[in-house]
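Let me begin by presenting the structure, written as structure tokens, before commenting on it.
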Amino acid sequence: DTAVSQTPKYLVTQMGNDKSIKCEQNLGHDTMYWYKQDSKKFLKIMFSYNNKELIINETVPNRFSPKSPDKAHLNLHINSLELGDSAVYFCASKGLGTSGFSYEQYFGPGTRLTVT
Amino acid sequence: GENVEQHPSTLSVQEGDSAVIKCTYSDSASNYFPWYKQELGKRPQLIIDIRSNVGEKKDQRIAVTLNKTAKHFSLHITETQPEDSAVYFCAASEEGGSEKLVFGKGTKLTVNP
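Okay, here's the thing in structure tokens:
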């Protein structure tokens, strides 16, 4: 049973289009994140939500808009896509790990976005 | 804000040898230091973490050490196996504070059989 899932897995689109990526977690976690991994594999946080409330918003262009309809879902909408938006986008959620003693982040499988 | 430096960027070892990856952080408020392993085309997965109230933690062939004074932490993998080949990321965050994980740029580890 997938803990953190994302759709779609691959997304190929043209410059100027608007697209969305969906994320769902069934772990009961309160906190969810979006990360961007560029072609050099650098992982950088974009947004974080805690119980549907935005708590971290890095210096991301306002073409990127996260939406959290409930604490199990965090979607990412991107307007007017640009070539530089091509990357792998990972959703993650944070909660008690398997040990039950500490909090851990669990990543989704990623969405590879290619803008042509 | 926090800045995490990771070295080396690539590391090649023979099967059975040990591998060490080092990271430094800048923000003394950081108190949580996880390590993630990312295989090609897969998601990052947590392999071990350490909090600032301990200096070392072990889990089978993997260990992490933390020097708070010097603001550096290291990942040690002993008896490496080909399946250890992956990109490893260190990260730092302030639990109870910003809670933002800042990642190092990754180390590509290749274990040659």
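Residue numbers (our numbering), protein chains in the order written: chain A, 1 to 116; chain B, 1001 to 1113.
Built from N, CA and C at the ideal position, the CB exists for glycine as well.
Helix, strand or coil for residue i, going by three-state DSSP, please let me know.
i, result
"B/Asp1017", "coil"
"B/Asp1049", "strand"
"A/Gly84", "helix"
"A/Gly110", "coil"
"A/Lys71", "coil"
"B/Asn954", "Residue 954 of chain B lies beyond the residue range present for chain B, which begins at 1001 and ends at 1113; the question has no answer from this structure."
"B/Gly1106", "coil"
"A/Val60", "coil"
"B/Lys1001", "For the sequence presented, residue 1001 of chain B should be read as Gly rather than Lys. Looking at B/Gly1001 - three-state DSSP - the assignment turns out to be coil, as it is neither helix nor strand."
"B/Leu947", "It is not possible to answer for residue 947 of chain B, since the shown part of chain B is limited to 1001 through 1113."
"B/Lys1071", "coil"
"A/Thr7", "strand"
"B/Gly1096", "coil"
"A/His29", "coil"
"A/Asn79", "coil"
"A/Ser39", "coil"
"A/Ser93", "strand"
"A/Pro66", "strand"
"A/Thr116", "coil"
"B/Ser1026", "coil"
"B/Val1054", "coil"
In angstroms, rounded to a whole number, what distance separates the CA positions of residue i and residue j?
i, j, result
"B/Glu1015", "B/Thr1065", "23 Å"
"A/Leu76", "B/Leu1046", "24 Å"
"A/Tyr49", "A/Asn79", "20 Å"
"B/Glu1039", "A/Asn17", "31 Å"
"B/Asp1059", "A/Thr13", "43 Å"
"A/Ala3", "A/Arg112", "19 Å"
"B/Asp1084", "A/Asp70", "37 Å"
"A/His73", "A/Glu53", "12 Å"
"B/Lys1068", "B/Pro1008", "20 Å"
"B/Thr1078", "A/Ser68", "42 Å"
"B/Ala1091", "B/Ser1018", "21 Å"
"A/Asn51", "A/Gly108", "18 Å"
"A/Pro8", "B/Lys1105", "26 Å"
"A/Cys91", "A/Tyr35", "6 Å"
"A/Asp30", "A/Tyr103", "11 Å"
"A/Phe42", "B/Phe1103", "8 Å"
"B/Ser1028", "A/Phe64", "31 Å"
"B/Ala1086", "B/Thr1010", "10 Å"
"B/Pro1044", "B/Gly1055", "24 Å"
"A/Glu24", "A/Ser5", "5 Å"
"B/Ile1062", "B/Ile1021", "11 Å"
"B/Ser1024", "B/Glu1002", "Here the sequence assigns Thr to residue 1024 of chain B, which means Ser is not the residue at that position. About 10 Å."
Quick one: measure Cβ to Cβ for residue i and residue j, integer angstroms, because I've assumed they're closer than 8 Å.
i, j, result
"B/Ser1030", "B/Glu1094", "5 Å"
"B/Lys1071", "B/Ser1026", "7 Å"
"B/Lys1042", "B/Ile1048", "Not quite, the Cβ-Cβ distance comes to about 18 Å (not below 8 Å), so this is no contact."
"B/Tyr1036", "B/Arg1051", "About 16 Å; that fails the 8 Å criterion."
"A/Ser86", "A/Thr114", "5 Å"
"A/Leu96", "A/Lys19", "Between A/Lys19 and A/Leu96 the Cβ distance is about 33 Å, and since that is not below 8 Å, they are no contact."
"A/Ile45", "A/Ile56", "6 Å"
"B/Leu1101", "A/Gln37", "That belief does not hold up - the Cβ atoms of B/Leu1101 and A/Gln37 are roughly 13 Å apart, past 8 Å."
What residue does the beta strand (DSSP E) around residue i start on, and which one ends it?
i, result
"A/Met15", "First-last for A/Met15: undefined, no H or E at that position."
"B/Asp1084", "Looking at the DSSP string, B/Asp1084 is not in any beta strand (DSSP E), and its letter there is neither H nor E."
"B/Asn1067", "Ile1062 to Asn1067"
"A/Phe47", "Leu43 to Asn50"
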